[in-house]
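As structure tokens, the structure follows; a few thoughts come after it.
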Amino acid sequence: MILISILTGLFLLAIYRLVSDQKGIKKTKDQIKAHLLEWRLFSDDLVTSFRTQANLLYWNLKYFLHALRPLAVMIIPLVFILSHLNLWFAYKPLSPGETTILKVKLKESYNPLELSIALNQAEGYQIETPPLRIEAAREINWRLRALKPGRFYIVVKLDGQEITKEMVVGPTSLVRLSPVRPSSGLLAQLLSPGEAPLAASPLREISLVYPSRRMNFLGWKIHWLIVYFVLSVIAGFALKKPLKVEI
17 MILISILTGL
27 FLLAIYRLVS
37 DQKGIKKTKD
47 QIKAHLLEWR
57 LFSDDLVTSF
67 RTQANLLYWN
77 LKYFLHALRP
87 LAVMIIPLVF
97 ILSHLNLWFA
107 YKPLSPGETT
117 ILKVKLKESY
127 NPLELSIALN
137 QAEGYQIETP
147 PLRIEAAREI
157 NWRLRALKPG
167 RFYIVVKLDG
177 QEITKEMVVG
187 PTSLVRLSPV
197 RPSSGLLAQL
207 LSPGEAPLAA
217 SPLREISLVY
227 PSRRMNFLGW
237 KIHWLIVYFV
247 LSVIAGFALK
257 KPLKVEI
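First residue of the sequence shown? That's 17 in the numbering used here, and the numbers climb one at a time after it.
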């Protein structure tokens, strides 16, 4: 995680330097520092103090505008990175004997009460309940029990089609897990890249509930995204001076 965070910090710094107006940012920061000093020196002069605060507001707004362009450019690669890291660090595999919920979500024009749908039984899991059809949510759920370690594929049978969803059972070691098999929409694939998107069918997505993973960070059990964000920010600020990047 430390190495990934450092590499992310380097990558984002490189984008920021290439896309942003570095001279404009430096000038803006210098103006902010100058007006802050002026405000401290002339804090007893009411007119000067109000004028300085107005100037500070103006230059802070310019600083914000300078940051918008690089942030807009960084957002797509950052979402791509985060969605892939989430497959590794957000969840743990199911343990043998542990239960989970398989959720099949339908597109708007389909009613779960009318759809002919079933699961195939396989050696890696046991189907414990009949399908629970939730009309308001356009969703069909099953409770499954993991039986033995391995990587298995749950087969959903729907109107002559067979659609699979990956299921991983085993030790809690770091492994790539896909909680959602998404639709073919670009945004859905960007946010859930673990499996191939669903082909044309009544299904919007298939998801499997995995246990959440928490990282041990300085004695605290916290979400991986917090650790990643903190380390990336520290790496970015530590490297900005050697790389001569104005932020």
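The beta-carbon is built from N, C-alpha and C at its ideal position, and this holds for glycine as well.
If you're wondering where the values come from, they're calculated on a predicted model, not measured in any experiment.
Over the uninterrupted beta strand (DSSP E) stretch that includes residue i, give me the two end residues.
i	result
I20	Per DSSP, I20 belongs to no beta strand (DSSP E); it is in the alpha helix (DSSP H), 18–35.
K119	115–122
Y141	141–143
Quick one: using the 10 Å Cβ neighbour count with 16 as the cut-off for buried, is residue i buried or exposed?
i	result
F168	buried
I91	exposed
V95	exposed
I133	buried
W236	exposed
H51	buried
K253	Note that residue 253 corresponds to Phe in the displayed sequence, not to Lys. Its Cβ having fewer than 16 others within 10 Å, F253 is exposed.
V63	exposed
G25	buried
P128	buried
K119	buried
N102	buried
R154	buried
G113	exposed
T116	buried
G201	exposed
Using 8 Å for Cβ pairs, my map puts residue i next to residue j. What's the rounded Cβ distance?
i	j	result
E178	E211	Contact doesn't hold; Cβ gap of about 15 Å is too wide.
A251	I22	4 Å
D37	H82	6 Å
R220	K121	5 Å
L224	P195	6 Å
R33	V261	5 Å
Does the beta-carbon of residue i, which I'm using as the reference point, lie nearer than 7 Å to any heavy atom of the ligand NAP?
i	result
Y141	Inclusion of the ligand NAP in the displayed structure is not the case, the ligand content being empty and no account of it being possible.
Which residue comes first and which comes last in the alpha helix (DSSP H) that contains residue i?
i	result
R149	R149 -> not in any alpha helix (DSSP H); beta strand (DSSP E) instead, spanning 148–150.
R220	Element bounds for R220: not the alpha helix (DSSP H) but the beta strand (DSSP E), 219–224.
I91	62–105
I263	I263 -> no alpha helix (DSSP H), and no H or E assigned at all.
L348	Limits of the chain in this structure are 17 at one end and 263 at the other, which puts residue 348 out of reach.
K45	38–57
A204	202–207
Pull up the DSSP beta-bridge partners for residue i, would you.
i	result
K237	N232
L110	V185
A138	Y141
Just checking: is the beta-carbon of residue i within a distance shorter than 8 Å of some beta-carbon in chain E?
i	result
L259	Chain labels in this structure do not include chain E; a single protein chain is all it has.
Fill in: Any beta strand (DSSP E) of 3 or more consecutive residues that is wholly inside the segment 152–199
155–162, 166–174, 177–185
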